Amino acid sequence: KAGVTQTPRYLIKTRGQQVTLSCSPISGHRSVSWYQQTPGQGLQFLFEYFSETQRNKGNFPGRFSGRQFSNSRSEMNVSTLELGDSALYLCASSSGQEVGYTFGSGTRLTVV
Amino acid sequence: EDQVTQSPEALRLQEGESSSLNCSYTVSGLRGLFWYRQDPGKGPEFLFTLYSAGEEKEKERLKATLTKKESFLHITAPKPEDSATYLCAVQGTGAGSYQLTFGKGTKLSVIP
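Written out as structure tokens, the structure is:
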């Protein structure tokens, strides 16, 4: 059974640019969540989607957005990148009926 | 607001020296408490889900226990390959029931 797949694995962007990250959940999983991980703040919740609807949003500025497609694949977008956006971005999926999430390996974003 | 505090931040053990990691939490109704293991540069790897006080789960050298305010991850006779960061997270039943709230983790180093 394939796990959660995130692409790309690494990204380097310049301040002010925008970036789109992709996540393919485990087959059959309809819930996708995104987290930001930094050394200082740890893992922080960004948002969660289920059947293309955002059910929860964390405390991040509007520059962070996401969407989910009908096949459950999800993308998150960060506009007007800042140096502080450098982090490991993790995607997690769940069936939506069971408790808990399976994480992908993440996308390491570096903003210079 | 759900909160999770993990201690210690870092722990060095000799191979074979057993110890415990602590996770204190506050949550408005507990759907589940999770333990994950994370290796550098990778996403969190699921270890255990605990649902109610008094519950215990074991996997190889690891045993997780749960009370109404704390969870412990007991590591018996650790080996160098157990070196990793161990993360605790809670999922509540309140407004944020579709998200995990993480502690900042305990970085475990097992010395041969």
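In order, the protein sequences belong to chains D and S.
Here the first sequence stands for residues 38 to 149, where the numbers follow this note's numbering.
Here the second sequence stands for residues 64 to 175, where the numbers follow this note's numbering.
All C-beta atoms, glycine included, are put in the ideal place defined by N, C-alpha and C.
These numbers were taken from a predicted model, which means no experiment stands behind them.
**Prompt:** What span of residues does the beta strand (DSSP E) with Arg145/D cover, start to end?
**Reply:** Here residue 145/D refers to the residue found at position 108 of the first sequence. Start and end: Thr144 to Val148.
**Request:** Put Gly79/S into one of helix, strand or coil per three-state DSSP.
**Result:** Counting from 1 along the second sequence, the entry for residue 79/S is found at position 16. In the structure shown, Gly79/S sits in coil (DSSP, three-state: anything other than H, G, I, E or B).
**Prompt:** Among Gln154/S, Val173/S and Val67/S, which one has its Cα closest to the Cα of Glu85/D?
**Reply:** Working through the first sequence from its first residue, we reach residue 85/D at position 48. Among Gln154/S, Val173/S and Val67/S, the Cα nearest to that of Glu85/D is on Gln154/S.
**Request:** State yes or no: is the beta carbon of Lys167/S nearer than 8 angstroms to at least one beta carbon in chain D?
**Result:** For the purposes of this step, residue 167/S is taken as residue 104 along the second sequence, with counting starting at 1. Chain D, which has a Cβ nearer than 8 angstroms to the Cβ of Lys167/S, makes this yes.
**Request:** Look at the alpha carbon of Gln162/S and the alpha carbon of Phe97/S, and state the distance between them as a whole number of angstroms.
**Result:** Translated into positions along the second sequence, residue 162/S becomes position 99. Translated into positions along the second sequence, residue 97/S becomes position 34. Near 12 angstroms, if we compare the C-alpha coordinates of Phe97/S and Gln162/S.
**Prompt:** At a Cβ threshold of 8 angstroms, is Gln162/S touching chain D?
**Reply:** As a working mapping, residue 162/S is identified with position 99 in the second sequence. Yes, its Cβ sits closer than 8 angstroms to a Cβ of chain D.
**Prompt:** Is Tyr138/D close to chain S, meaning its C-beta is less than 8 angstroms from at least one C-beta of that chain?
**Reply:** Your numbering for residue 138/D matches position 101 in the first sequence. Chain S contact via Cβ: present.
**Asked** What are the start and end residues of the beta strand (DSSP E) that includes Phe101/D?
**Response** Numbered from its first residue, the first sequence carries residue 101/D at position 64. Residues Phe101 to Gln105.
**Prompt:** Do we get a CB-CB distance below 8 angstroms when we pair Phe97/D with the residues of chain S?
**Reply:** Here the question's residue 97/D lines up with position 60 in the first sequence. Not closer than 8 angstroms to any Cβ of chain S, the Cβ of Phe97/D fails to qualify, so no.
**Item:** Continuous beta strand (DSSP E) stretch holding Ser116/D: start and end
**Value:** Stepping through the first sequence from its first residue, residue 116/D is reached at position 79. Counting along the chain, Ser116/D falls outside any beta strand (DSSP E), and DSSP gives it neither H nor E.
**Request:** Please name the residue or residues paired with Thr44/D in a DSSP beta bridge.
**Result:** As a first step, residue 44/D must be located in the first sequence, where it is residue number 7. According to DSSP, Thr44/D bridges with Ser59/D.
**Item:** Opening and closing residue of the beta strand (DSSP E) in which Thr112/S lies
**Value:** For the purposes of this step, residue 112/S is taken as the residue at position 49 of the second sequence. Here the beta strand (DSSP E) through Thr112/S covers Glu108 to Leu113.
**When Lys142/S, Gly166/S and Gly79/S are compared against Glu133/S, the one with the closest alpha-carbon** = Taking the second sequence and counting its residues from 1, one reaches residue 133/S at position 70. Minimum Cα distance to Glu133/S is reached at Gly166/S.
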